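This report refers to the structure that appears directly beneath it.
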Amino acid sequence: KTLPFDYEPNINQENREWILNQLLKICNMNHKHLEYYLSVISFCLLGVPEMQQEIYCLIGQGASNGKTIALEALMNIFKIYITKGETKLFESDCNKKHKYLTTFINNTYRIIICNEFDDKKKIDSKLFKEVADGLTIDNEVMFGTTSCKKITAKAFIISNYTFKFDKEDEGMSRRYKHV
45 KTLPFDYEPN INQENREWIL NQLLKICNMN HKHLEYYLSV ISFCLLGVPE MQQEIYCLIG
105 QGASNGKTIA LEALMNIFKI YITKGETKLF ESDCNKKHKY LTTFINNTYR IIICNEFDDK
165 KKIDSKLFKE VADGLTIDNE VMFGTTSCKK ITAKAFIISN YTFKFDKEDE GMSRRYKHV
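Next up, the structure:
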């Protein structure tokens, strides 16, 4: 699937510089952070989630700090590649994971934005690892019937709160990437 507009090789440098400056502000005026942020987004758009066993987490202890705005702008540009997902998917006590998981599997989406976790909920570390690995996952089709599906997207989890996992280990630490 391709984006529904024609490629224009001529870049408006003034617009490009303005956008990079806004992103630099979101990255606390740190050029290394901006470079990392852009490299993560670029990698995710390639559509090979298994190449990096990571989930990207944007945590900021407040509102209006730019955590969501850049990804939402990209979602408006790349509608076929970026969408919002249901945040409850990663909650350890969620009983509808099979419904919420569909945006991550066998789709054109490359980035799924999960916004605003409940600070009282714990994250399902097993599912977190499986989605981060970007390989395949068993998903319930009907009661008692599962199907093994390819994960096609990377998760960007946005929250005002530091996550609490139901089980913490080195595998969790390795997959959790604070962007």
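When you read off a place in the sequence shown, starting at 1, and then add 44, the result is the number in this note's numbering. Here a beta-carbon is modelled for each residue, glycine too, at the ideal position from N, C-alpha and C. A quick note: this is a predicted structure, and the numbers were derived from the prediction, not measured.
Here L115 really is in contact with I157; their C-beta atoms are around 5 angstroms apart, less than 8 angstroms. Between E160 and Y144, the C-beta spacing is not below 8 angstroms. Counting C-beta atoms within 10 angstroms of its own C-beta, D163 has fewer than 16 neighbours from the protein chains shown and is therefore classed as exposed. Here the segment 139-155 lies against the segment 183-192, with 3 or more beta-carbon pairs under 8 angstroms apart. Counted as a single uninterrupted DSSP element, the beta strand (DSSP E) harbouring K194 occupies residues 189-194. Using a Cβ-Cβ distance cut-off of 8 angstroms, the segment 49-60 and the segment 70-88 are not in contact, since fewer than three pairs of beta carbons, one from each stretch, lie closer than that value. For I195, the CB contacts under 8 angstroms within the same chain, skipping 5 residues up- and downstream, are P93, E94, F148, I149, E174, V175, D177, G178, L179, T180, I181 in chain order. Here A199 really is in contact with Y100; their C-beta atoms are around 7 angstroms apart, less than 8 angstroms.
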